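In this note's numbering, the protein residues as written are 2 to 286.
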Ligand code: BEZ
Ligand code: FE
């Protein structure tokens, strides 16, 4: 077996030396160094390298307008969670993964509306306030929320069964940063396993389940956009999320309420949260 030329890694890094964008040049250089180190350590056979390329090709081929297998791959490898965590600010609400199901626009809805178009049984009210780190309201913050049904399916996974936009809503907080919407308590569910990422989980004996949660993407001018979840306290898999996204601060009680409220005339659950946005910082470039 012939040894690789000792200057190979340096030569490849140097090939990017004229990259005008300094950040791009730095990132590419480090990618090359780490990738070469990995190959030197693992010493894949040619067949194994071809299999790796075949796997990534299959991941790309599985992506379409409503499915993002590369995000799923990043998620199950813990990379999405790491990127969110490193980019979070300690004085703000903790962020967590975007996931692959934010592929379709959420329908604009009015405060208090229901995002459940199916009339599910385990009904819930979610209320809260968007504030800055000093506790001052962020009026007019835009909240994009999405979740699965109480059976654990997103609308995009069941076209023709669920109406498009079911479980989704785009809300604008009021002048005091307050928001409220009705929904059903979401279920824990398996991430998609019918593609190459599912094959990876199968080959490694990993389970595909995520604990029950509601996704939030919260934005307002002058603030960093917050990508986060509310996790339902007591849900299965809170301690073994397939995508490593659970943070204790994001686990919320959906408290049982017996009184009728806002069209919820049966016993229902109520979750109340404060979402703290941090001021946007100019890019480090
Ligand atoms: C989700 O919560 O929608 C999700 C996140 C990561 C992988 C799959 C699904
Ligand atoms: Fe989800």
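We put the CB at the ideal spot given by N, CA and C, even for glycine.
Remember, predicted model here, so these are calculated numbers, not experimental data.
The beta strand (DSSP E) enclosing residue i, as first and last residue numbers
i: residue 230; result: 227-233
i: residue 125; result: 124-132
i: residue 220; result: 214-220
i: residue 170; result: 169-173
i: residue 144; result: 143-147
Cβ-Cβ separation, residue j to residue i (assumed contact under 8 Å), whole Å
i: residue 227; j: residue 171; result: No, residue 227 and residue 171 are not in contact; Cβ-Cβ is about 15 Å, not under 8 Å.
i: residue 217; j: residue 205; result: That pair is no contact at about 31 Å.
i: residue 279; j: residue 219; result: That pair is no contact at about 11 Å.
i: residue 253; j: residue 272; result: 5 Å
i: residue 202; j: residue 209; result: 5 Å
i: residue 114; j: residue 56; result: No, residue 114 and residue 56 are not in contact; Cβ-Cβ is about 42 Å, not under 8 Å.
i: residue 215; j: residue 187; result: 6 Å
i: residue 1; j: residue 157; result: Only positions 2 to 286 of the chain appear in the structure, and residue 1 is not among them; the question remains open.
i: residue 160; j: residue 93; result: Not a contact, Cβ separation roughly 36 Å.
i: residue 126; j: residue 269; result: 6 Å
i: residue 33; j: residue 60; result: Not a contact, Cβ separation roughly 21 Å.
Coil, strand or helix - residue i by DSSP
i: residue 278; result: coil
i: residue 257; result: strand
i: residue 273; result: strand
i: residue 24; result: helix
i: residue 71; result: helix
i: residue 252; result: strand
i: residue 16; result: helix
i: residue 110; result: coil
i: residue 9; result: helix
i: residue 211; result: strand
i: residue 160; result: strand
i: residue 138; result: strand
i: residue 191; result: strand
Host alpha helix (DSSP H) of residue i (start-end)
i: residue 1; result: Outside the displayed range of the chain (2 to 286) lies residue 1, so it cannot be described from this structure.
i: residue 184; result: Counting along the chain, residue 184 falls outside any alpha helix (DSSP H), though it belongs to the beta strand (DSSP E) covering 179-185.
i: residue 99; result: Where residue 99 is concerned, there is no enclosing alpha helix (DSSP H), given that its DSSP letter is neither H nor E.
i: residue 205; result: First-last for residue 205: undefined, no H or E at that position.
i: residue 246; result: Here residue 246 belongs to no alpha helix (DSSP H), and DSSP marks it neither H nor E.
i: residue 55; result: 47-63
Residue i Cβ short of 7 Å to the ligand MN heavy atom set
i: residue 153; result: Of the ligands one can find in the structure shown, namely the ligand BEZ and the ligand FE, none is the ligand MN.
Review point. Would you call the region 151-170 and the region 103-122 touching, i.e. three or more CB-CB distances under 8 Å?
Key: yes
Check your understanding: Using 8 Å as the threshold, is the region 77-89 in touch with the region 136-151, meaning 3 or more CB pairs across them?
Key -> no
Check your understanding: Counting by C-beta, which residues lie closer than 5 Å to a heavy atom of the ligand BEZ, in chain order?
Key -> 76, 100, 102, 192 and 244
Check your understanding: With contact counted as at least three CB pairs below 8 Å, one residue from each stretch, are the region 244-252 and the region 79-90 in contact?
Key -> yes
Point to revise | Stretch pair the region 151-158 + the region 180-193: three plus CB contacts closer than 8 Å | key: yes
Practice item. Examine the Cβ distances between the region 44-52 and the region 7-25 and report whether three or more of them are shorter than 8 Å. Key: no
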